[in-house]
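Numbering (the numbering used here), first residue to last: -19 to 123.
Just so it is clear, CB atoms sit at the ideal spot from N, CA and C, and this is done for glycine as well.
Notes follow the structure.
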């Protein structure tokens, strides 16, 4: 029988995120951290879920810790995301480890990563990410 993280990885194909707990799966095709934030804002209890995600930077890692995710796989994971998960005793694995997550235009650092670069508290980080996402959606940048 497959573990939750194996199931999440197996069902990630074609999606941006897949969460699994006790065989129950959620997938989403949204961009960036939006799917995870949406699940959290809906008040869904995500404690104990395993997550497979296309890109895991520190911003996503912070949301996973805040939500009580117990294991993480990132097809691409930043060093900062990996370190953050390790600091919070959350098992994690990756397909590719990278030094940084690049923005969608390919000309700089991801704005979500910039937002949490100097934040370590998951509560504070989640609040800052929600604020930044609202600012970006009001502006001209695409998130």
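Sequence-distant residues of the same chain with beta carbon closer than 6 Å to residue i, five excluded per side
i, result
"residue 32", "-12, -11, -8, -2 and 53"
Distance CB(residue i)-CB(residue j) smaller than 9 Å
i, j, result
"residue 39", "residue 105", "yes"
"residue 82", "residue 57", "no"
"residue 13", "residue 113", "yes"
"residue 74", "residue 45", "no"
"residue 26", "residue 3", "no"
"residue 55", "residue 70", "no"
Coil, strand or helix - residue i by DSSP
i, result
"residue 45", "helix"
"residue 77", "strand"
"residue 1", "strand"
"residue 29", "coil"
"residue -4", "coil"
Contact set for residue i: own chain, Cβ-Cβ below 8 Å, skip 5 residues either direction
i, result
"residue 136", "Look at the range of the chain in this structure, -19 to 123, and you will see that residue 136 is not part of it."
"residue 10", "-4, -3 and 18"
Whole-Å CB distance - residue i paired with residue j, under 8 Å assumed
i, j, result
"residue 41", "residue -16", "Their Cβ separation, rounded to whole angstroms, is 18 Å, which puts residue 41 and residue -16 out of contact at 8 Å."
"residue 23", "residue 60", "Wrong, their Cβ atoms sit about 28 Å apart, outside the cutoff."
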